[in-house]
Amino acid sequence: MPKKALWLIILFTLLFVLGINTGDLEYLLNLGNTICLSCIGVG
Amino acid sequence: MVGLRWLVQTLVTLGTNAYLLFPFGSVIYQGPLKAVCHPGLNCYSCPAALLSCPVGAVQNFVASLRYTMPGGLPHLGTMVIGYLGFIGTLVGRLPCGWLCPFGFIQDLLHKVPLPKFSLWPPLRWVKYGVLVVLVLILPAVLVDKAGLGQPWFCKLLCPAGTLEGALPLIFLKPSLWATLTFYFWNKMIILVLIIIFAMLISRPFCRMLCPLGAFYSLFMRMTLVQLEFIEGNCVGCESCVRSCPTGVVPYEDPSSWECILCLRCLDACQFRALSFGIRRPLPTPAKRYETAD
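So, in structure tokens, the structure goes:
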């Protein structure tokens, strides 16, 4: 496995875990459960 | 390989847009799967969508950064960045070619029997501008009094949002007609243009405007898997070039930023001059020992 890819995989895994521990998951869930008004061109 | 790709694209598009209860309950799916981002571009306001849109998620995290700061725990969106970066490092733009529902729609549109044209190459750089300006800078900079920004890519440009989100929702909720603004009509024009272009040019949105493809492409030189060119087997027939939907020349640059790893070139090459597999580390150059005179 190339070293650069290995380091990037470790870095992004850490970022992912950090995000889960700082509440990104709940934030994303709330976001996804509401209709995005920008997506449909309202407001 | 081509048949397998069509099958995967069909299954992923239908499987991730499989919420068929929307006419009977709440207008969009609101279950726990919405905490997971789709690896491709798929509007989370689509009534049938089961997953969230990664580009919409990144923009909303950036847009709410200042708003969440006073609470002491700003949401940086590192979960989504980590998720997309992980995918990008593993397989680069492979999700564009195999998993993206909007890419699949463009592939279907390109089947329409009309004259085909190639894309003017400099236009491919526009998508990096879209990523930086509409996804990262404007949502962070243009904020209201409360410190809340807007997802400007969704608002101004995203044709997937118009096709998969706006049009079905307006059909389901006709009362929305009265609330439509300039932004809707602007995006409708963009959608119509993209549909027309997709019939004439292969994957115009992916190649010109998609910020997700732009992000994944940054990893193409260092992905875990790669397309490899075996020079000794090449006879120079250029069948790989003719088969490529994104205008890549595989024998010159098999790790091109534009390659969506659809692997059509692999099928096209009858001489096995291209292979797909785990990237091998570059050989370490031999040490040179200098002798003193």
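So the sequence lines, in the order shown, correspond to chains A and B. With positions in the first sequence counted from 1, the corresponding number in our numbering is that position plus 611. With positions in the second sequence counted from 1, the corresponding number in our numbering is that position plus 6. Ideal Cβ positions, reconstructed from N, Cα and C, are used throughout, including at glycine. Just so you know, these numbers come straight off a predicted model, no measurement behind them.
Measuring straight from C-alpha to C-alpha, what distance separates residue i and residue j?
{"i": "T252 of chain B", "j": "T16 of chain B", "result": "20 Å"}
{"i": "G91 of chain B", "j": "Y73 of chain B", "result": "25 Å"}
{"i": "L71 of chain B", "j": "G238 of chain B", "result": "53 Å"}
{"i": "R213 of chain B", "j": "G109 of chain B", "result": "10 Å"}
{"i": "L182 of chain B", "j": "V653 of chain A", "result": "8 Å"}
{"i": "Q232 of chain B", "j": "W126 of chain B", "result": "26 Å"}
{"i": "F28 of chain B", "j": "L186 of chain B", "result": "21 Å"}
{"i": "L175 of chain B", "j": "G77 of chain B", "result": "34 Å"}
{"i": "G634 of chain A", "j": "V68 of chain B", "result": "15 Å"}
{"i": "W104 of chain B", "j": "A172 of chain B", "result": "25 Å"}
{"i": "D150 of chain B", "j": "M75 of chain B", "result": "15 Å"}
{"i": "I196 of chain B", "j": "L230 of chain B", "result": "35 Å"}
{"i": "V254 of chain B", "j": "G283 of chain B", "result": "18 Å"}
{"i": "L26 of chain B", "j": "Y50 of chain B", "result": "14 Å"}
{"i": "K161 of chain B", "j": "V141 of chain B", "result": "11 Å"}
{"i": "F211 of chain B", "j": "V139 of chain B", "result": "17 Å"}
{"i": "L619 of chain A", "j": "S58 of chain B", "result": "24 Å"}
{"i": "N48 of chain B", "j": "G21 of chain B", "result": "12 Å"}
{"i": "P145 of chain B", "j": "P121 of chain B", "result": "39 Å"}
{"i": "E258 of chain B", "j": "I236 of chain B", "result": "11 Å"}
{"i": "M205 of chain B", "j": "D113 of chain B", "result": "9 Å"}
{"i": "P256 of chain B", "j": "Y638 of chain A", "result": "41 Å"}
{"i": "L629 of chain A", "j": "F225 of chain B", "result": "21 Å"}
So the beta strand (DSSP E) residue i belongs to, where does it begin and stop?
{"i": "I284 of chain B", "result": "L280 to I284"}
{"i": "Q65 of chain B", "result": "Where Q65 of chain B is concerned, there is no enclosing beta strand (DSSP E), although the alpha helix (DSSP H) it sits in stretches over P60 to A69."}
{"i": "L233 of chain B", "result": "V231 to F235"}
Does any residue of chain C have a CB that is nearer than 8 Å to the CB of residue i?
{"i": "H81 of chain B", "result": "Given the protein chain composition of this structure (A and B), no chain C is represented."}
Taking the alpha carbon of residue i as the reference point, which residue from the options has its own alpha carbon closest?
{"i": "I207 of chain B", "options": "B:V132, B:F123 and B:G238", "result": "B:F123"}
{"i": "W263 of chain B", "options": "B:A279, B:L56, B:Y222 and B:M7", "result": "B:Y222"}
{"i": "I200 of chain B", "options": "B:G103, B:F190, B:L215 and B:W104", "result": "B:L215"}
{"i": "V198 of chain B", "options": "B:L186, B:R227, B:F235 and B:L163", "result": "B:L163"}
{"i": "F30 of chain B", "options": "B:C59, B:A54, B:N23 and B:G98", "result": "B:A54"}
{"i": "N66 of chain B", "options": "B:L148, B:A24 and B:A279", "result": "B:L148"}
{"i": "G94 of chain B", "options": "B:G242, B:G171 and B:A220", "result": "B:A220"}
{"i": "L13 of chain B", "options": "B:K133, B:C265, B:P107 and B:P260", "result": "B:P107"}
{"i": "L56 of chain B", "options": "B:L79, B:F211 and B:T19", "result": "B:T19"}
{"i": "D273 of chain B", "options": "B:L169, B:Y257 and B:C246", "result": "B:C246"}
{"i": "Y189 of chain B", "options": "B:L39, B:A204 and B:T168", "result": "B:T168"}
{"i": "L115 of chain B", "options": "B:L137, B:L129, B:P260 and B:F203", "result": "B:F203"}
{"i": "S130 of chain B", "options": "B:W191, B:R209 and B:S261", "result": "Checking the sequence shown, residue 130 of chain B turns out to be Arg, not Ser. For R130 of chain B, the nearest C-alpha among the options comes from B:R209."}
{"i": "G153 of chain B", "options": "B:Y134, B:P80, B:Y35 and B:C43", "result": "B:P80"}
Could you check where the alpha helix (DSSP H) with residue i kicks off and where it finishes?
{"i": "F211 of chain B", "result": "P210 to M214"}
{"i": "F627 of chain A", "result": "K614 to N632"}
{"i": "T19 of chain B", "result": "V8 to G21"}
{"i": "Y638 of chain A", "result": "D635 to G643"}
{"i": "G109 of chain B", "result": "P107 to L115"}
{"i": "M194 of chain B", "result": "F188 to L206"}
{"i": "Y222 of chain B", "result": "P217 to S223"}
{"i": "L272 of chain B", "result": "R270 to A274"}
{"i": "I87 of chain B", "result": "T84 to V97"}
{"i": "G103 of chain B", "result": "L100 to W104"}
{"i": "W158 of chain B", "result": "W158 to L162"}
{"i": "L178 of chain B", "result": "L173 to L178"}
{"i": "Y134 of chain B", "result": "V132 to G135"}
{"i": "R248 of chain B", "result": "S245 to S249"}
Using the beta-carbon count (16 or more within 10 Å), is residue i buried or exposed?
{"i": "P287 of chain B", "result": "exposed"}
{"i": "N632 of chain A", "result": "exposed"}
{"i": "T645 of chain A", "result": "exposed"}
{"i": "F177 of chain B", "result": "exposed"}
{"i": "W158 of chain B", "result": "buried"}
{"i": "F248 of chain B", "result": "It is Arg, not Phe, that sits at residue 248 of chain B in the sequence shown. Result: exposed."}
{"i": "V118 of chain B", "result": "exposed"}
{"i": "S649 of chain A", "result": "buried"}
{"i": "G46 of chain B", "result": "buried"}
{"i": "I143 of chain B", "result": "exposed"}
{"i": "V136 of chain B", "result": "buried"}
{"i": "G155 of chain B", "result": "buried"}
If you measure between the beta carbons of residue i and residue j, is that distance less than 8 Å?
{"i": "E244 of chain B", "j": "S281 of chain B", "result": "no"}
{"i": "C275 of chain B", "j": "R11 of chain B", "result": "no"}
{"i": "V61 of chain B", "j": "P217 of chain B", "result": "yes"}
{"i": "R270 of chain B", "j": "V97 of chain B", "result": "no"}
{"i": "F277 of chain B", "j": "C250 of chain B", "result": "no"}
{"i": "A24 of chain B", "j": "G643 of chain A", "result": "no"}
{"i": "G37 of chain B", "j": "A63 of chain B", "result": "no"}
{"i": "A616 of chain A", "j": "R99 of chain B", "result": "no"}
{"i": "V33 of chain B", "j": "K193 of chain B", "result": "no"}
{"i": "L636 of chain A", "j": "G88 of chain B", "result": "no"}
{"i": "P613 of chain A", "j": "M85 of chain B", "result": "no"}
{"i": "I266 of chain B", "j": "C102 of chain B", "result": "yes"}
Cβ of residue i versus every heavy atom of the ligand FMN: is any distance shorter than 7 Å?
{"i": "F28 of chain B", "result": "Ligands in the displayed structure: none, and consequently the ligand FMN is not present."}
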